[in-house]
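Engineer:
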Amino acid sequence: MLNFWQNFSLNIKFFIIIAGLLAVLLFILILSLYGHRQNVAEFNSLLAKEVAIAENAKDIDNYMLLCRRNEKTFLLQKKPDFAEQVLTNLSKLQQKSKDISALTNKANAAIGQANQEILVASDDYLTKFNELVAIN
Numbered sequence: 308m309l310n311f312w313q314n315f316s317l318n319i320k321f322f323i324i325i326a327g328l329l330a331v332l333l334f335i336l337i338l339s340l341y342g343h344r345q346n347v348a349e350f351n352s353l354l355a356k357e358v359a360i361a362e363n364a365k366d367i368d369n370y371m372l373l374c375r376r377n378e379k380t381f382l383l384q385k386k387p388d389f390a391e392q393v394l395t396n397l398s399k400l401q402q403k404s405k406d407i408s409a410l411t412n413k414a415n416a417a418i419g420q421a422n423q424e425i426l427v428a429s430d431d432y433l434t435k436f437n438e439l440v441a442i443n
């Protein structure tokens with residue numbers, strides 16, 4: 308093998324060594340770009356989930372405010388339409404909470420715990436509101 312290498316001129320030996328180094332560097336660059344691309348894709352996915360969770364949380368707040376407003380109007384005017392609106396908004400609130408559950412994973416325990424508390428509180432609110440409607 309050394310005889311093979313000794314037959315080349317110094318210029319060709321340098322060219323082969325530089326070409327080999329460039330090939331290794333190109334391989335490392337390709338691996339780096341592939342890893343970067345994977346990280347960006349995962350980050351975009353995570354960001355989209357976080358945005359969706361934030362939007363659903365905002366919707367939950369809005370539906371709860373609508374429930375409270377419709378409940379107040381129901382108590383003042385005694386119209387069953389407002390009771391139906393409370394139930395509709397409450398079911399939308401619970402659906403948004405279930406959407407958040409679908410978006411979160413087991414790693415984010417704080418959001419999961421808060422979401423579970425929202426579901427329990429909304430079920431309790433529904434029970435008490437139905438009792439209130441039955442009284443009125």
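Each residue of the sequence shown is one higher than the one before, starting from 308 at the first, in the working numbering.
In this text, a Cβ means the ideal position worked out from N, Cα and C, and glycines have one as well.
#1: Please report the straight-line C-alpha distance between F311 and Y341, rounded to a whole angstrom.
#2: Could you check what DSSP says for K385 in three-state terms: helix, strand or coil?
#3: Is L316 helix, strand or coil by DSSP?
#4: DSSP state of N443, grouped into three classes?
#5: Give me the Cα-Cα distance between A326 and Q345, rounded to the nearest whole angstrom.
#6: If we ignore side chains and look at the alpha-carbon of each, how far apart do Q402 and S339 end up?
Structural biologist: Reading from the atomic positions:
#1: 37 Å
#2: coil
#3: Here the sequence assigns Ser to residue 316, which means Leu is not the residue at that position. Looking at S316 - three-state DSSP - the assignment turns out to be coil, as it is neither helix nor strand.
#4: coil
#5: 29 Å
#6: 42 Å
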